[in-house]
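These notes concern the structure reproduced below.
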Amino acid sequence: MNSKEMSGTIASEPQTTSSSASEPQTTSSSVSEPQTTSSSASTPKTTSASVEIVSKDLIEEIVGIKNNGNEAVSLKGWQLISIEGNQVFNFPNVTLQPGKMIYVTSGSNAREGQNYLKWTKKQIWLNDGDAAQLRNAKGDIVSELY
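Numbering (our numbering), first residue to last: 21 to 166.
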């Protein structure tokens, strides 16, 4: 091709030209910027990005989930996953109001009622560490807590 393409010998540059078509000003100094924008492409969820796992008590078997956004979010079809053992809690048809928390409980002290959902009476979370993952109804990872 032309001498600039040959002298640079960068084989990955065609990837940056296709992803940075909206940024024609960027040249060699911002080659790493399109990579960061492409990796953050998995987080443009406006409503679900405001819901996150904020606490996890492995001994008491309680996971706290909070809506940090300004709009209510339906959790119908969402899942809370215990990564070790791949155990899945499917949320019922509940809506989490802005600024509010909901707790998913398991183990011998599992309870349900105002702001509490009962997963199971079985122990779900490993006491020595177990990652929690929250997925929206589309199956996208919304939040993780290790």
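C-beta atoms are modelled at their ideal positions from N, C-alpha and C, and glycine is treated no differently.
Helix, strand or coil at residue i according to DSSP, with G and I counted as helix
i	result
Ser102	strand
Glu80	coil
Glu164	strand
Phe109	strand
Ile85	strand
Val114	coil
Enclosing beta strand (DSSP E) for residue i [first to last residue]
i	result
Ser70	Ser70 -> no beta strand (DSSP E), and no H or E assigned at all.
Gln153	Ala152 to Arg155
Ser126	Met121 to Ser126
Tyr136	Tyr136 to Thr140
Own chain, CB closer than 6 angstroms to residue i, minus 5 neighbours either side, in chain order
i	result
Asn113	Lys96
Gln143	Gly127
Gly133	none
Ala151	Ile103 and Tyr166
Ala130	Lys138 and Lys141
Same chain, Cβ closer than 8 angstroms to residue i, five either side skipped, listed in chain order
i	result
Gln107	Ile101 and Ile144
Residues of its chain near residue i, where Cβ-Cβ distance is below 7 angstroms and the 5 sequence neighbours each way are ignored
i	result
Gln117	Asn87 and Ala92
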